[in-house]
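In case it helps, the UniProt record's numbering puts the sequence shown at residues 1 to 130.
Here a beta-carbon is modelled for each residue, glycine too, at the ideal position from N, C-alpha and C.
Since this is a predicted model, take the numbers as computed values, not measurements.
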Amino acid sequence: MKIALMMENSQANKNAIILKELNAVADEKGFPVYNVGMSDENDHHLTYIHLGIMASILLNSKAVDFVVTGCGTGQGALMSLNIHPGVVCGYCIDPADAFLFAQINNGNALSLPFCQRLWLGRRTECAVYL
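Here it is, written out as structure tokens:
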């Protein structure tokens with residue numbers, strides 16, 4: 001499974017920690033992770049609207065199989081991705097959300113609220129269920 005991580009401008013400063021945690025989980029399963037959004041706050045400016053367009057292109061072209069994205073609340077990215085054909089994005093606040101979304105909805109993208117529950121010392125636990 002090829003995974004894309006996409007960060008937008010409001011949360012770009014968290015990219016390094018999220019990429020590190022996502023890679024830690026994906027590496028155990030042999031899944032490559034592509035960091036295709038903003039890598040830091042000085043990178044090219046993307047909004048969650050851009051993330052939806054990018055996710056649609058990447059998923060429908062089969063360049064990646066799964067997208068991990070989000071924004072401050074996760075709601076903007078969720079709506080932006082789900083507006084595009086071929087993209088089924090779920091919303092994850094805790095590991096149970098991620099597990100149930102994968103089992104029931106069989107989606108290809110996950111939106112996380114990066115301003116919630118992500119502080120020093122806490123991991124992005126939703127990635128565990130990829």
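From the DSSP output, in three-state form, read off Leu46 for me.
-> Here the question's residue 46 lines up with position 46 in the sequence shown. Under the three-state reduction of DSSP output, Leu46 falls in the coil class, being neither helix nor strand.
Touch check for the region 21-34 and the region 47-56: three-plus C-beta pairs under 8 angstroms? No, because fewer than three Cβ pairs between the region 21-34 and the region 47-56 fall closer than 8 angstroms, the two stretches do not touch.
Reducing DSSP to helix, strand and coil, say where residue 136 ends up.
Nothing about residue 136 can be reported from this structure: the residues present for the chain run from 1 to 130 only.
**Request:** Mind checking which residues open and close the alpha helix (DSSP H) that includes Asn35?
**Result:** Numbered from 1 along the sequence shown, position 35 holds the residue referred to as residue 35. No alpha helix (DSSP H) holds Asn35; the beta strand (DSSP E) holding it covers Val33 to Asn35.
- request: Grab me the residues of Asp43's own chain with a C-beta within less than 7 angstroms of its C-beta, minus the 5 sequence neighbours each way, in chain order.
  value: Here residue 43 refers to the residue found at position 43 when the sequence shown is read from its first residue. Answer for Asp43: Ala12, listed in chain order.
Taking the C-alpha atoms as reference points, what is the distance between Ser10 and Met1? Residue mapping note: residue 10 aligns to position 10 of the sequence shown, counting from 1. Residue mapping note: residue 1 aligns to position 1 of the sequence shown, counting from 1. Annotation: Ser10 to Met1 spans about 27 angstroms, alpha carbon to alpha carbon.
**OP:** Report the option in Cys115, Leu22 and Ile3 whose CA atom is closest to the CA atom of Gly72.
**Re:** Locating residue 72 in the sequence shown gives position 72, where the first residue counts as 1. With respect to the C-alpha of Gly72, the residue from Cys115, Leu22 and Ile3 having the closest C-alpha is Cys115.
Quick one, are the C-beta atoms of Thr69 and Leu112 less than 9 angstroms apart?
On the sequence shown, residue 69 is found 69 positions in, with the first residue counted as 1. On the sequence shown, residue 112 is found 112 positions in, with the first residue counted as 1. Result yes, Cβ atoms of Thr69 and Leu112 sit closer than 9 angstroms.
**Item:** Buried or exposed (CB count within 10 angstroms, at least 16 for buried), Ser61
**Value:** Position 61 of the sequence shown, counted from the first residue, corresponds to residue 61. Result: exposed.
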